[in-house]
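Here the structure comes first, spelled out in structure tokens, and everything after it is commentary.
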Amino acid sequence: MTDTSRSDGDDEPPPATVQSTHEFTDDQPPSETIVRAVAALTNTPVLELEPLYTVIDPTQIDETYEKTSAAVEAEFSFTYSGCDVTVTREGVHVRRVRDGNGNRDGANEDTDV
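With the first letter of the sequence shown counted as 1, position 13 gets the number 13 in UniProt numbering; the numbers rise by one all the way through.
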């Protein structure tokens, strides 16, 4: 099957997007929901992720969504551990883009550590 909507002549499939949404709960601060959502989507143990505070202030996130009126509309968007994260009053939306080969965006299988 040929994708006729593409005009660049490239036969590679478009990147596949993987995403998930997690609602906030009373027993877990929003910052923890972010970390757990990214860990789940990337299949990475929580303790192996970079600390959330390296990209955004977790206290600010927690205070914004735990202590403000439901009438306040606030949205934070940032990149964390290779994922685009958007935090809204409803919860955490996480999106990870994969290339046409199923590899993580920006990941290189031959990485020197």
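Note that beta-carbon positions come from the ideal geometry of N, C-alpha and C, so glycine has one too.
Separation of Thr54 from Val38, as counted between CA atoms: 15 Å
In terms of residues, what are the limits of the beta strand (DSSP E) holding Thr88? In the DSSP annotation of this structure, the continuous segment of the beta strand (DSSP E) that includes Thr88 starts and ends at 83-88.
For Thr79, name the three-state secondary structure that DSSP assigns. Thr79: strand per DSSP, three-state reduction.
Report yes if the CB atom of Ser80 is closer than 9 Å to the CB atom of Phe24, and no otherwise. Rather than Ser, the amino acid found at residue 80 in this sequence is Tyr. Not closer than 9 Å, so no.
For the alpha helix (DSSP H) containing Asp62, name the first residue and the last one. 58-66
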